[in-house]
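One structure below.
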Amino acid sequence: MDIEGVHEKKQKFPCSYCSSSFRNSLKLKRHIECVHEKIKRFKCSYCSSSFARPEYLKIHIQGVHEKIKKFQCKYCSSSFAQCGTMNRHIEAVHEKIKKYQCSDCYRSFTRHGHLKKHIESIHEEIKKQKCSYCSCYFKRSEELKSHIESVHEIKNIQCGSCFCTFTSLEGLQMHHADHHK
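Numbering-wise, UniProt numbering puts 129 at position 129 of the sequence shown, and it's gapless, one number per residue.
Below is the structure:
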């Protein structure tokens, strides 16, 4: 009997959502519930949290409710319930590793969640600037100005007495007459 044939028979329950396959229907059912349907059957008896797998519930109870912190940082006195949490702490605090970089301003962050929060609070809150000549929008006024100059070939003319800018010489002259007599 060839080995390939044995392995193919063992994995005869394919997932209809992804490329995973399982040895029996129970494992397939649990996979679909946990991964694709996000069913969290394991409820914490201390709080309202629930988890997809019993081992996640156990980690939660040990770390949050029983305050069991098995993983000690090698650089400081901090300890953690989960190894992954400790590793993120070491990278962020001691090794200053910042893996997540903002594509708008190039600021770096140690965690993806921090980058996401930064983008939402800094870049997505910026009022979009609409071009008065077409239907284009821009996040920054410099981008809008560059667009107007290059696409619509309109140069901004700045007042020599203040910082006001105008798209026509007539507009500048009217401004000067009204404000800088």
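A virtual CB, placed ideally from N, CA and C, is assigned to each residue, including glycine.
> What does a CB cutoff of less than 8 angstroms around Q82 pick up in its chain, not counting 5 residues either side in sequence?
Replying inline: I59, G63 and F71
> By a C-beta neighbour count over all protein chains shown, 10 Å radius and 16 as the cutoff for buried, is L26 buried or exposed?
Replying inline: By the 10 Å Cβ count, L26 comes out exposed.
> Which one of E149, H152 and L115 has the shortest CA to CA distance from Y100?
Replying inline: L115
>> Can you tell me whether Q82 is helix, strand or coil according to DSSP?
In response: Three-state DSSP puts Q82 in coil, outside helix and strand.
>> Between E170 and the ligand SAM, is there a pair consisting of the residue's CB and a ligand heavy atom that are separated by less than 7 angstroms?
In response: Although the ligand SAM was asked about, the structure shown includes no ligands whatsoever.
> Assuming K40 and S50 make a contact with CB atoms under 8 angstroms, what is their CB distance in whole Å?
Replying inline: 4 angstroms
> If you drop the 5 nearest sequence neighbours on each side, which residues of the same chain put their C-beta closer than 8 angstroms to that of N156?
Replying inline: K145, I148, E149, T165, F166 and T167.
> Going along the chain, which residues of its own chain have a beta-carbon closer than 7 angstroms to the beta-carbon of C136, five neighbours each way excluded?
Replying inline: H147
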